[in-house]
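Q: My numbering applies: residue 57 is where the sequence shown begins, and numbers increase by one. Sharing a structure below in structure tokens format, with a few things to ask.
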Amino acid sequence: MNETFWNGHLTRRATGDTMHKGELNSLPYPDRTPDITEAIRAMYVDGYVIFPGVLNTNEVALMRERIDAMGSANDEDYVVPKWCYNKQIGSEFHRNPDYLDYIDRPGIYEVADAILSGPDTGSVKVTFGSSWVTGAGRAMGLHVDFLPVHVPEPVQCSTDFVMPIFMATAHYYLDHMIPELGPTTIVPGSHRAGRAPQDETSWNGIETQAAMVKAGDVVFFRSDLWHGAWKNTHPTRRRYIMQVAYGMGYMQSNYPPMKYNEMYTPEVLGKATLRQRRLLGSGESA
Ligand SMILES: O=C(O)CCC(=O)C(=O)O
Ligand SMILES: [Fe+2]
């Protein structure tokens, strides 16, 4: 057998079959908004935290309207043959001021800042975002989004090791989740595997569980946590989410950073606060 050189960087986000089968249990649902310290702790212990009721009913309706207005007016354009309805629109933070409403929500922003900013690695920034509507047939096996360093499990699980968080994503849910709508699935604590899932749906005896959230809730999770999505089997309804991904300052964003403000519309430049400008990569100090 050939010895192949591996430079240690992430190779695959998942390998083999990582789709949970059989019954699906729900993650514990919080009875209140976590305070910032609790939420930060949860990001290191569980790898995720649920913020209930981030958007109120009107804001949920507005976000759904905004998503419906995006992209092609022809719904058929998003029907992928032999798969599902899949409308995913990348967030144009530099063009559309509406996105500013969702990048620095109180509570979530402070947690993102605490886990991702560093004195020498730069302050937290928004790296990408998307609005995503998915219909019947859509499912996603467990995977990691980003894991820059594979860390052997015994090291990860030793009490004095802290794996930094390099990226974390906030999912805004715009439906009252039921299994048929394909909730996001999570294996709590699985970031401590230190690797991507391989033909498995549990870690350390902990099974895949569903985020049975309500419309307006946010799930914030680190990018090395094993997660996916349960299959949407609803005959008519589609699931609406908006993603806002945050990264450490060093990371590149997939939209033009605000230091190139000539690429920004006057509407975004006129509306953004200092905190929002920094999240969009203006390079200004606080
Ligand atoms: O749709 C979901 O609930 C999960 C999506 C996801 O994990 C991804 O796009 O990487
Ligand atoms: Fe993912």
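From the three backbone atoms N, C-alpha and C, an ideal C-beta is built for every residue, glycine too.
Drop a sphere of 10 angstroms on the beta-carbon of LEU281, count the other beta-carbons inside from all chains shown, and report buried for 16 or more, exposed for fewer.
A: Your numbering for residue 281 matches position 225 in the sequence shown. Counting the other Cβ atoms within 10 Å of the Cβ of LEU281 gives 16 or more, which makes it buried.
Q: Grab the span of the alpha helix (DSSP H) containing THR93 for me, first residue to last.
A: Within the sequence shown, residue 93 is the residue found at index 37, counting from 1. Looking at the DSSP string, the run of the alpha helix (DSSP H) that includes THR93 is 92-101.
Q: Would you mind sorting PHE222 into buried or exposed? The rule is 16 or more other CB atoms within 10 Å of its CB.
A: Within the sequence shown, numbered from 1, the residue matching residue 222 stands at position 166. Answer is buried; the Cβ neighbour count reaches 16.
Q: Helix, strand or coil for GLN332, going by three-state DSSP, please let me know.
A: Within the sequence shown, residue 332 is the residue found at index 276, counting from 1. The answer is helix: DSSP assigns GLN332 an H, G or I state.
Q: Between GLY245, GLU323, GLN308, which has its C-alpha nearest GLY339's C-alpha?
A: Numbered from its first residue, the sequence shown carries residue 339 at position 283. Per the Cα distances, GLN308.
Q: Within a Cβ cutoff of 6 Å, which residues of the same chain sit near GLN299, ignoring the five residues on either side of it in sequence?
A: In the sequence shown, the residue the question calls residue 299 occupies position 243. GLY185, SER186, THR225, HIS227.
Q: Taking the alpha-carbon positions, what's the LYS327 to MET314 distance?
A: The residue labelled residue 327 in the question sits at position 271 within the sequence shown. The residue labelled residue 314 in the question sits at position 258 within the sequence shown. Between LYS327 and MET314, the C-alpha separation is close to 13 Å.
Q: Judging by CA-CA distance, which residue of GLU59, GLY64, THR60 is the nearest neighbour of VAL207?
A: For this step, residue 207 is matched to residue 151 along the sequence shown. Among GLU59, GLY64, THR60, the Cα nearest to that of VAL207 belongs to GLY64.
Q: For LEU156, name the three-state secondary structure that DSSP assigns.
A: Walking along the sequence shown from the start, residue 156 turns up at place 100. Looking at LEU156 - three-state DSSP - the assignment turns out to be helix.
Q: Determine the closest residue to ASN112 out of ALA129, ARG295, ALA271, with distance taken between C-alpha atoms.
A: Mapped onto the sequence shown, residue 112 falls at position 56. Here the closest residue by C-alpha is ALA271.
Q: Report yes or no: do the segment 197-207 and the segment 89-102 share at least 3 C-beta pairs separated by less than 8 Å?
A: no
Q: Reducing DSSP to helix, strand and coil, say where TYR320 ends up.
A: Counted from its first residue, the sequence shown places residue 320 at position 264. In the structure shown, TYR320 sits in coil (DSSP, three-state: anything other than H, G, I, E or B).
Q: Helix, strand or coil, according to DSSP, for ARG293 in the structure here?
A: In the sequence shown, the residue the question calls residue 293 occupies position 237. If DSSP states are grouped into helix, strand and coil, ARG293 belongs with coil.
Q: Apply the 10 Å Cβ neighbour rule to ALA129 and answer buried if 16 or more other Cβ atoms are within range, or exposed otherwise.
A: Start at 1 with the first residue of the sequence shown, and residue 129 comes out as number 73. With fewer than 16 other Cβ atoms within 10 Å, it is exposed.
Q: Run through the DSSP bridge pairs and tell me what THR241 is partnered with.
A: For the purposes of this step, residue 241 is taken as residue 185 along the sequence shown, with counting starting at 1. Partner(s): ALA266, GLY284.
Q: Quick check on LYS327: does DSSP put it in helix, strand or coil?
A: Locating residue 327 in the sequence shown gives position 271, where the first residue counts as 1. LYS327: helix per DSSP, three-state reduction.
Q: Closest to TYR296 by CA distance: which of LEU230, THR67, HIS290 is it?
A: Sequence index remark: in the sequence shown, residue 296 carries index 240 (1-based). Here the closest residue by C-alpha is LEU230.
Q: At which residues does the alpha helix (DSSP H) containing ALA125 begin and terminate?
A: In the sequence shown, residue 125 corresponds to position 69, counting from 1. Start and end: 113-125.
Q: Less than 8 Å separating the beta-carbons of GLY245 and ASP102?
A: In the sequence shown, counting from the first residue as 1, residue 245 sits at position 189. In the sequence shown, counting from the first residue as 1, residue 102 sits at position 46. Yes.
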